[in-house]
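**Q** Starting off with a structure, shown below.
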C-alpha cells in the first residue's frame, strides 16, 4: 500500500513538473513570435567622397527642422509646487506636473515673490536651444 501511494505521489509530481515545463516553453515561443525582425537602416558609404558636403547639408536641414523658436514668448498659468533647485521650479498644469528653468533675471528676484506651495502663478516662457521651458516672467495670482 505504501508503494502505491508513493508511486501516485511521484506520478503527480512528474505530471505537475511536465505541465510547468511545457507551459514555460509555450510562453517562450509566444514571446519569440512577438518579436519582429530588427530593421537596421544603413546609408551606403561613399568611401570618404563628398561626406563633408552631405553632412553639412544634413546638419542644415536638421537644424531648420528641430530648432525651437527661442524668440516666441508663450504664456502659462499653473499651481506652484516648489523649487527643484536654484535653477528650476515645479508646477502643476491641470493634472500634469512640469519642470521649468528660471532665466537669470528671474533667478535674481525669485525669493522676493514669496511663493508658497499651491500658489497660483502666471508666467511667460520660451523654449531654449535644448528644448527646455525657460520662465522669463512670473507673477503670483491673487
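In UniProt numbering, the protein residues as written are 1 to 142. Ideal Cβ placement from N, Cα and C applies to all residues, glycine included. Note that the structure is a prediction, hence the values are computed from the model and not measured.
(1) Which value, in whole angstroms, describes the spacing of the CA atoms of residue 127 and residue 115?
(2) Rounded to whole angstroms, what is the Cα-Cα separation between residue 98 and residue 137?
(3) Please confirm whether residue 76 and residue 110 have their CB atoms less than 8 Å apart.
(4) Would you please state the rounded distance, in angstroms, between the beta carbons of residue 117 and residue 82? I believe it to be under 8 Å.
(5) Put residue 112 into one of helix, strand or coil per three-state DSSP.
(6) Would you kindly work out how many angstroms separate the C-alpha atoms of residue 11 and residue 20, rounded to a whole number?
(7) According to DSSP, is residue 73 helix, strand or coil?
(8) Indicate the three-state DSSP secondary structure (helix, strand or coil) for residue 94 in the structure shown.
(9) Is DSSP giving residue 5 helix, strand or coil here?
(10) If you follow the beta strand (DSSP E) that residue 129 is in, where does it begin and where does it stop?
(11) Considering only their Cβ atoms, is the gap separating residue 120 from residue 141 smaller than 8 Å?
(12) What separation, rounded to the nearest whole angstrom, lies between the Cα atoms of residue 17 and residue 9?
(13) List the DSSP bridge partners of residue 102.
**A** In short:
(1) 23 Å
(2) 16 Å
(3) no
(4) 6 Å
(5) helix
(6) 14 Å
(7) coil
(8) coil
(9) helix
(10) From DSSP, residue 129 is part of no beta strand (DSSP E); its letter is neither H nor E.
(11) yes
(12) 12 Å
(13) 135
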